[in-house]
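Trainee:
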Ligand SMILES: Cc1cc2nc3c(=O)[nH]c(=O)nc-3n(C[C@H](O)[C@H](O)[C@H](O)COP(=O)(O)O)c2cc1C
Ligand code: SF4
Ligand code: FES
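Residue numbers (our numbering), protein chains in the order written: chain A, 365 to 994; chain B, 22 to 171.
(1) Could you pull out every residue in the same chain whose Cβ sits closer than 6 Å to the Cβ of residue 158/B, ignoring the five residues on either side in sequence?
(2) Under 9 Å between beta-carbons, which chain A residues line up against residue 38/B? List them in chain order, please.
(3) I want to check one thing, is the minimum distance from the CB of residue 908/A to the heavy atoms of ligand 2 below 7 Å?
(4) Could you please give the first and the last residue of the uninterrupted alpha helix (DSSP H) stretch that includes residue 833/A?
(5) Is any non-hydrogen atom of ligand 1 found closer than 7 Å to the C-beta of residue 926/A, if you look at the structure I gave you?
(6) List the residues that DSSP assigns as beta-bridge partners of residue 478/A.
(7) Which residues, in chain order, does the stretch 87-102 of chain B contribute to contact with chain A at a C-beta distance below 7 Å?
(8) Return the CA-CA distance between residue 989/A and residue 922/A, expressed in angstroms with no decimal places.
(9) How is residue 465/A classed by DSSP in three states: helix, strand or coil?
(10) Using alpha carbons as the reference points, say which of 896/A, 963/A, 942/A and 974/A lies closest to residue 927/A.
(11) Name, please, each residue of chain A whose Cβ falls closer than 7 Å to the Cβ of residue 169/B.
(12) State yes or no: is the C-beta of residue 824/A within less than 8 Å of the C-beta of residue 741/A?
(13) Could you compute how far the alpha carbon of residue 143/B sits from the alpha carbon of residue 102/B?
(14) Which residue comes first and which comes last in the alpha helix (DSSP H) that contains residue 862/A?
(15) Let's see if you can read the secondary structure: which residues bound the alpha helix (DSSP H) around residue 557/A?
(16) Using DSSP with H/G/I as helix, E/B as strand and the rest coil, what is residue 787/A?
(17) Does the count of Cβ pairs from the stretch 564-579 of chain A and the stretch 616-625 of chain A closer than 8 Å reach three?
(18) Does the beta carbon of residue 869/A come closer than 8 Å to any beta carbon on chain B?
(19) Leaving out five residues before and five after residue 836/A in sequence, what residues of the same chain have Cβ atoms less than 6 Å from its Cβ?
(20) Under DSSP, the alpha helix (DSSP H) around residue 997/A begins and ends at which residues?
(21) Counting only Cβ pairs nearer than 7 Å, list the residues of chain B close to residue 406/A.
(22) Cβ of residue 660/A versus every heavy atom of ligand 2: is any distance shorter than 7 Å?
(23) Pull up the distance between the alpha-carbon of residue 507/A and that of residue 116/B, whole angstroms please.
(24) Please report the distance separating the alpha-carbon of residue 691/A from that of residue 455/A.
(25) Could you tell me whether the stretch 655-670 of chain A touches the stretch 73-88 of chain B, where touching means 3 or more Cβ pairs closer than 8 Å?
(26) Measure the alpha-carbon distance for residue 709/A versus residue 580/A and round it to whole angstroms.
(27) Thinking C-alpha only, which one of 934/A, 400/A and 490/A is nearest residue 968/A?
(28) May I ask you to check if the CB of residue 706/A is nearer than 7 Å to at least one heavy atom of ligand 1?
(29) Just checking: is the beta-carbon of residue 979/A within a distance shorter than 8 Å of some beta-carbon in chain B?
(30) Whose C-beta lies closer than 7 Å to the C-beta of residue 870/A among residues of the same chain, with five residues either side of it excluded?
(31) How far does the alpha helix (DSSP H) with residue 517/A in it reach, from first residue to last?
(32) Compare the Cα-Cα distances from residue 539/A to each of 548/A, 559/A and 994/A and report the closest residue.
(33) Answer with buried or exposed for residue 121/B, where buried requires no fewer than 16 other C-beta atoms within 10 angstroms of its C-beta.
(34) Once the 5 residues before and after residue 91/B are set aside, which same chain residues still bring their CB inside 7 Å of it?
(35) Among 872/A, 412/A, 779/A and 424/A, which has the Cα closest to the Cα of residue 389/A?
(36) Could you spell out where the beta strand (DSSP E) holding residue 658/A opens and where it closes?
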């Protein structure tokens, strides 16, 4: 495509692409997000390609970014009806083309079916999608992320044209502040306030950074935004650069995200070709370009100052924040850093206006950007829930609605599994128990409940999750990831890990709980960066809501979640065992013996407690004993 | 050891002293690990103290300082995978291959590594072999998964 000479010319180009896109055209969109690829979407796509070619068909085939419903991938959506087929295999392709495309027939076996056996034809009716409000994800699933033309046809870069034509930089910042947009990367700091201090700071050049390190394990919304709609992040960054007066941008992206990297590189190339990046963007006097840096897999590098150290070529350890990053950031110059999802919210805000954005969410931000949480948040709904994936919901929704309405409830509830807690906020977040399921969640409410928003990870835990073990997991995670610079964090985490390691083995003491709380209070005031300052949260929140589980480990050697290997014993119940022999065949150490159609027995000497027998048993015959009963 | 690729990589980044991390990442892709000689060479080419290069090489968990096997088996130990049984999958892999996390089998075929999250959390527990994702792996499937690469 040709270089575009002015914002007005950009509007014409957008119009041309919009007009060319026929909304009633039959389109097959095949999800090519990482989740669906992991389930085999590549071969489904290839099969569509070759079969369409064979049939000499003119139906449009679209490889899109993540649709969010990763659990049910590979996903295929037929537009304009919006028919959703899930768990599609290459061998279904012919049938889809013959029946659905050829005849308008719906193939029932490929539809989504919930636990109550209701089937749903259209994507927008499936409960997982029905309750969502998609702003950042609005185009995912409708565009091919490798084609800038698709983004333009959906009105993409329209916000940039509008801003460059009519809105002064200060006014852009004013709008972002008024919108109440708060940082989606963890802290929830109002984006407009941060932009303003960077714009007002002395020094040049100014930098902006997109934090795409996404270190919070269990969260993958940033990845899906970059994979599914990279131009939305780039457009947000260009608008930000214009508002702040920055000339250079960086995207710091995790090394574990090869596809996102590829999509982003490709999108940057296209944007440069059209004159949307580089010197004199669209013929204006705004110049700005973006460079990509790959991270090296260190959690602490997601922290803003550590990330900047890493971009500067140094080891990614946090540095002092006496001087605000906005004033002295990269190479000592004014720098503004925002998260991927924060940047991707900018174009819709500019496009649709402050009033529209503030109509979604909680609180009142008209005089105070901290006064509420506006817009949507993408949560990654994972763990022990039926429908895992990414959901974009308005701020203020309840956890119950997310876990039960969209998530379809607890996995294996037919085997008796029940809800125990939801963990939010990443490794330094907390666990929220059942009594708060109906609280409307936003930045401030999650903090009040002893957790935090973090980047939006939402890990569902059932009664077969041990909360002490969960605390140990996070402490060990943070112990490994602590950069070691300051003592409270480095040594505090080591001591906590040692104590929790003993408790999960049944060797804990009552004094341990006092020491844990003591360590936590020191770490939370004396650590250098936020990693250490918040590192005790998982311990504190589990101690607060699940203290009994700690006490049971200590007093009775009992693990309520039946997870702590030293405290459990697998047995087979006489009542339920049908003698089907499946477990005996699957057991890796051959610890199970028994004749066909008669009770099987586990040899405790040989058992390594891997749990295969429980996983495979179809008759709920494997019982896990713990505590006195063991 | 042939270090020609190291020269090429450093040159590709225009001998940029700020690009150490990216250079090391490319070297790891080219050699499958970070050979000591390559680290020395980078230090020489960029005229940076060896300590500065090695501190990057040891800070990040994605770097390996020892040769790795033909097939890299990466187990996600992220939270979502963890609660769905990743530790049991890892133990099973270790039992099956008779090595621990971070080690390589004697025949040089397999290396087991762990990672904090690969962003396919909806499909946990997740194992990657040579960069290919395998989702919803249960302990019983581990040996079948490996047999495809044996
Ligand atoms: C240990 C640690 C890890 C962090 N990791 C990330 C991350 O992976 N991604 C991110 O966007 N922010 C992360 N943050 C938050 C950043 O420091 C920073 O607040 C954020 O990028 C600012 O952008 P926002 O205001 O748009 O949220 C992390 C913070 C800490 C203390
Ligand atoms: S709090 Fe932890 S991660 Fe942060 S500087 Fe101190 S040791 Fe490093
Ligand atoms: S937690 Fe395993 S892929 Fe994210």
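The beta-carbon is built from N, C-alpha and C at its ideal position, and this holds for glycine as well.
Every value quoted in this text rests on a predicted model; they were computed, and no experiment measured them.
Mentor: According to the data block:
(1) Here residue 158/B has 110, 146 and 148 as same chain residues with Cβ atoms under 6 Å from its own Cβ, once five neighbours each way along the sequence are excluded.
(2) Chain A residues near residue 38/B: 677.
(3) Not under cutoff, so the answer is no.
(4) Boundaries of the alpha helix (DSSP H) around residue 833/A: 831-845.
(5) Result no, Cβ not under 7 Å from ligand 1.
(6) Looking at the DSSP output, residue 478/A bridges to nothing.
(7) Closer than 7 Å at the C-beta level to chain A, one finds these residues of the stretch 87-102 of chain B: 99, 100 and 101.
(8) When rounded, the distance between both Cα atoms is 9 Å.
(9) It is helical.
(10) Closest option to residue 927/A, Cα to Cα, is 974/A.
(11) Ordered by position in chain A, no residue passes the 7 Å Cβ test against residue 169/B, which lies about 14 Å from the chain.
(12) No, they are not a contact pair.
(13) Here the alpha carbon of residue 143/B sits roughly 9 Å from the alpha carbon of residue 102/B.
(14) Counting along the chain, residue 862/A sits inside the alpha helix (DSSP H) bounded by residues 851-867.
(15) Here the alpha helix (DSSP H) through residue 557/A covers 555-564.
(16) Secondary structure of residue 787/A (DSSP, three-state): strand.
(17) Contact between the stretch 564-579 of chain A and the stretch 616-625 of chain A is present, because at least three Cβ pairs lie under 8 Å.
(18) For residue 869/A, the answer is no, since every Cβ of chain B falls outside 8 Å of its Cβ.
(19) So the list reads 864 and 868, once near-sequence residues are dropped.
(20) With chain A represented from 365 up to 994, any question about residue 997/A goes unanswered, as that position is not in the structure.
(21) Within chain B, no residue has its beta carbon less than 7 Å from that of residue 406/A; the closest one is some 10 Å off.
(22) No, the beta carbon of residue 660/A sits no closer than 7 Å to any heavy atom of ligand 2.
(23) Distance between the alpha carbons of residue 507/A and residue 116/B: 45 Å.
(24) Approximately 58 Å, taken between the alpha carbons.
(25) Judged by Cβ distances under 8 Å, the stretch 655-670 of chain A makes contact with the stretch 73-88 of chain B, as three or more pairs qualify.
(26) Those two C-alpha atoms are separated by around 20 Å.
(27) The shortest Cα separation from residue 968/A among 934/A, 400/A and 490/A belongs to 934/A.
(28) Flag set: Cβ of residue 706/A near ligand 1.
(29) The beta carbon of residue 979/A sits closer than 8 Å to some beta carbon of chain B.
(30) 917, 921, 930 and 931.
(31) Segment 512-517, the alpha helix (DSSP H) holding residue 517/A.
(32) Closest by alpha carbon: 559/A.
(33) With fewer than 16 neighbouring CB atoms inside 10 Å of its own CB, residue 121/B falls in the exposed class.
(34) Non-local beta-carbon contacts of residue 91/B in its own chain, meaning distances under 7 Å to residues more than five positions away in sequence, involve 129 and 130 in chain order.
(35) Nearest option by C-alpha distance: 424/A.
(36) Residue 658/A -> beta strand (DSSP E) spans 653-658.
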